[in-house]
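Comments concern the structure below.
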Amino acid sequence: MTATRLVYRHRWPVRVMHWINVVCLFVLLGSGLQIFNAHPALYWGERSDPGKAVLSLQGGTDAQGDPRGTTHIGKHAFDTTGVLGASKVNGEWRSRGFPSWATIPGPGWLAMGRRWHFFFAWLFVANGIAYVTWSLLSRHLAKDLVPTRRDWRGIGRSIVDHLRFRHPHGEEAVRYNVLQRLAYLVAIFVFGGGIVLMGIAMSPRMDAVLHWLVDLVGGRQSARTIHFIIATAFVAFVLVHVFEVLVSGPLNQLRGMITGWYRISEDKETTRHD
Amino acid sequence: MTDRRGFMRKTLLALGGAALAGCDRISESDTGTRVLESAEAVTRRVQRFLSPSRALAKEYTEADISAVFKPNGSTMPDTPVYQALLRNGFADYRLEVDGLVDRPARLSIDELKALGTRTQITRHDCVEGWSAIGKWTGTPLSALLDHVGAKDGARYVVFHCFDNYEADTPYYESIDLDEARHPQTLLAYALNGASLPVGNGAPLRLRVERQLGYKHAKYLRRIEVVASFADIGEGNGGYWEDNGYEWYAGI
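Taken in order, these protein sequences are the chains called F and B.
Take the first sequence: its position 3, counted from the start at 1, is 3 in UniProt numbering, and no numbers get skipped.
Take the second sequence: its position 48, counted from the start at 1, is 48 in UniProt numbering, and no numbers get skipped.
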């Protein structure tokens, strides 16, 4: 017989800030794509010279006069009609970088996209500062996130377990494993910190006091490109994160992140690591 | 288990779709946009707190100048007044300066040049996301403000332009006196060592280097010093501001 018991896994500040973050990332991504659509191309350096884009999403028509969307990455061109470069808005074809189902607001509306982006950027920053402060004071960072020496020693096994979708059960599932710790640390500090800094580096006003930062990454357009790359990395992180939730008992994980209480089962499997 | 997974995925997608639709509804409501707009004041205050009012935007070298400085927005004002000036090579052009000033003035480009001149190679950041670098020569706006004498109570400088944007809406912009007196804020008459091309705002345009491109009004006709811009245009301080863009365009 399997015995189950509930353990208190996530304290309330972590839960509240996690869900604020979910909303922020959702809006920031959608409104960010809206802003990107105003000039759907990325460059390296300070300037955006015509013909020098490292990535661009272009709309146009083919020889038959049909709409055509093309994604250019360096010298390579890909037909992405219907999704990138050209897609339908309310049944009508439009030249637009990202499709309307992915942008906030749906139709092209740069001014409103910016309103959404900056409002939620401030919320994201405030939430991030609150999280880091709380995590330092409550020792959440030291206890739950920084890998221990034992964690580092088990990293090889942890990678193999993850690749085989074998997740820790029982007591082992109560604490974060080494890959979770590293993924969360990178997402919070490298992605979170980096994307905010690159956003600030794009500001002409902040440029006057932070040009060293702009120089450090190679220029204002480089900062814009890195901002976009980190946004893509956040999407990848969220996909993996949601996938891991789905394969490790989604309802239990959701209950854990909503109420704090997480069910562990003390069956044979729990003793696997003992 | 697969059913549950499929259910979760569908639920997430449905939540996402509903949230996106909700965002569109908020974008169209007055209360929603007012809440979102509140972020602008936070951005302005924080940026002004973090960067001294005299901090200079980065200046570049000749080697950094863009081969083509992309003309954007209006590129050929079609108003009869402007067309007549253009035909005459702007020989009859006079910049009008009035409002809360001690000595209203009408200045030719040569008279402006006599007030002082500055050349700077700076980066222009369009709200759309692109950047171009150009060398601008012009009269510091502070020199003009000293020449006409801004009165007590003056808070903003409003730029009225020759171009009508979209049918019959005159382009205008405004900045506050702090930004107006910044050493890099110029009334520019030259780009890359030549007279300002029509596409870039001939004969005179604003350069306000620590703000986005739409603040850099082209085709200047008249400068008005005011205590408030609430009665001008639709009251938001500029053509694009009347169309939903931030008055404070520092990011």
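Yeah, the Cβ is synthetic: ideal placement off N, Cα and C, and Gly gets one too.
Proximity test, Cβ basis, 7 Å: residue i and chain F
i: Val42 (chain B); result: yes
i: Arg176 (chain B); result: In the sequence as presented, Arg is not what sits at residue 176 (chain B); that position holds Asp. Chain F, which has no Cβ nearer than 7 Å to the Cβ of Asp176 (chain B), makes this no.
i: Trp130 (chain B); result: yes
i: Ser211 (chain B); result: This sequence places Gln at residue 211 (chain B); Ser is not what is there. For Gln211 (chain B), the answer is yes, since a Cβ of chain F falls inside 7 Å of its Cβ.
i: Ile251 (chain B); result: yes
i: Ile133 (chain B); result: yes
i: Asp30 (chain B); result: no
i: Tyr245 (chain B); result: yes
i: Asp152 (chain B); result: no
Residue-chain proximity (residue i, chain B), Cβ-Cβ < 7 Å
i: Trp134 (chain F); result: no
i: His105 (chain F); result: According to the sequence displayed, residue 105 (chain F) carries Pro and not His. At least one chain B Cβ lies under 7 Å of Pro105 (chain F).
i: Gln253 (chain F); result: no
i: Pro204 (chain F); result: yes
i: Phe119 (chain F); result: yes
i: Ala236 (chain F); result: no
i: Glu46 (chain F); result: yes
i: Val83 (chain F); result: no
i: Arg96 (chain F); result: no
i: Trp122 (chain F); result: yes
i: His169 (chain F); result: no
i: Gln58 (chain F); result: no
i: Gln64 (chain F); result: no
i: Ala38 (chain F); result: yes
Sequence-distant residues of the same chain with beta carbon closer than 8 Å to residue i, five excluded per side
i: Leu182 (chain F); result: Pro147
i: Pro183 (chain B); result: Arg54, Leu56, Arg118, Pro140, Ser142
i: Trp122 (chain F); result: none
i: Ser48 (chain F); result: His39, Ala41, Gln221
i: Phe36 (chain F); result: Gly97, Phe98, Phe228
Distance, residue j Cα to residue i Cα
i: Lys151 (chain B); j: Pro140 (chain B); result: 19 Å
i: Glu241 (chain B); j: Ala230 (chain B); result: 12 Å
i: Leu206 (chain B); j: Ile258 (chain F); result: 53 Å
i: Gly154 (chain F); j: Asp215 (chain F); result: 40 Å
i: Lys215 (chain B); j: Val23 (chain F); result: 32 Å
i: Tyr176 (chain F); j: Phe189 (chain F); result: 17 Å
i: Ala154 (chain B); j: Asp102 (chain B); result: 11 Å
i: Pro105 (chain F); j: Ala111 (chain F); result: 10 Å
i: Val42 (chain B); j: Ser131 (chain B); result: 25 Å
i: Gln34 (chain F); j: Thr103 (chain F); result: 5 Å
i: Arg87 (chain B); j: Gly192 (chain F); result: 55 Å
i: Glu266 (chain F); j: Pro99 (chain F); result: 47 Å
i: Leu191 (chain B); j: His124 (chain B); result: 12 Å
i: Gly113 (chain F); j: Arg164 (chain F); result: 41 Å
i: Gly22 (chain B); j: Trp116 (chain F); result: 13 Å
i: Leu85 (chain B); j: Asp78 (chain B); result: 11 Å
i: His169 (chain F); j: Glu128 (chain B); result: 50 Å
i: Arg48 (chain B); j: Ser38 (chain B); result: 16 Å
i: Trp261 (chain F); j: Leu251 (chain F); result: 11 Å
i: Glu40 (chain B); j: Trp212 (chain F); result: 25 Å
i: Lys218 (chain B); j: Leu210 (chain F); result: 28 Å
i: Arg25 (chain B); j: Arg157 (chain F); result: 49 Å
Contact under 7 Å by Cβ, residue i with residue j
i: Gly69 (chain F); j: Thr81 (chain F); result: yes
i: Gly45 (chain F); j: Gln253 (chain F); result: no
i: Phe159 (chain B); j: Leu107 (chain B); result: no
i: Ser51 (chain B); j: Ala236 (chain F); result: no
i: Ala194 (chain B); j: Val157 (chain B); result: no
i: Pro107 (chain F); j: Val89 (chain F); result: yes
i: Ser203 (chain F); j: Ile232 (chain B); result: no
i: Gln58 (chain F); j: Gly85 (chain F); result: yes
i: Thr4 (chain F); j: Arg255 (chain F); result: no
i: Val14 (chain F); j: Val174 (chain F); result: no
i: Met17 (chain F); j: Tyr131 (chain F); result: yes
i: Tyr239 (chain B); j: Tyr171 (chain B); result: yes
i: Gly201 (chain B); j: Cys126 (chain B); result: no
Beta-carbon contacts of residue i that lie in its chain and below 6 Å, excluding the five residues immediately before and after
i: Phe78 (chain F); result: Thr71
i: Gly138 (chain B); result: Leu186, Leu187, Ala188, Tyr189
i: residue 275 (chain F); result: This structure does not reach residue 275 (chain F), given that chain F is present from 1 up to 274, and the question cannot be answered.
i: Asp64 (chain B); result: Ile133
i: Asp178 (chain B); result: Ser53
i: Tyr82 (chain B); result: Phe162
i: Ile121 (chain B); result: Glu59, Tyr60, Lys135
i: Tyr245 (chain B); result: none
i: Gly128 (chain F); result: Gly192
i: Gly219 (chain F); result: Gly45, Glu46
C-beta neighbour in chain D for residue i, strict 7 Å
i: Val217 (chain F); result: No chain D appears in this structure, whose protein chains are F and B.
Cβ shell of residue i (< 7 Å), same chain only, five flanking positions each side left out
i: Pro203 (chain B); result: Phe90, Tyr93, Ile109, Tyr189, Leu196
Can at least three beta-carbon pairs, one atom from the stretch 244-254 of chain F and one from the stretch 87-103 of chain B, be found at a separation below 8 Å?
-> no
State whether the stretch 27-35 of chain F contacts the stretch 127-139 of chain F, with contact taken as three or more CB pairs (one from each stretch) at a distance under 8 Å.
-> no
The stretch 215-234 of chain F / the stretch 67-76 of chain B touching (three or more Cβ pairs under 8 Å) | no
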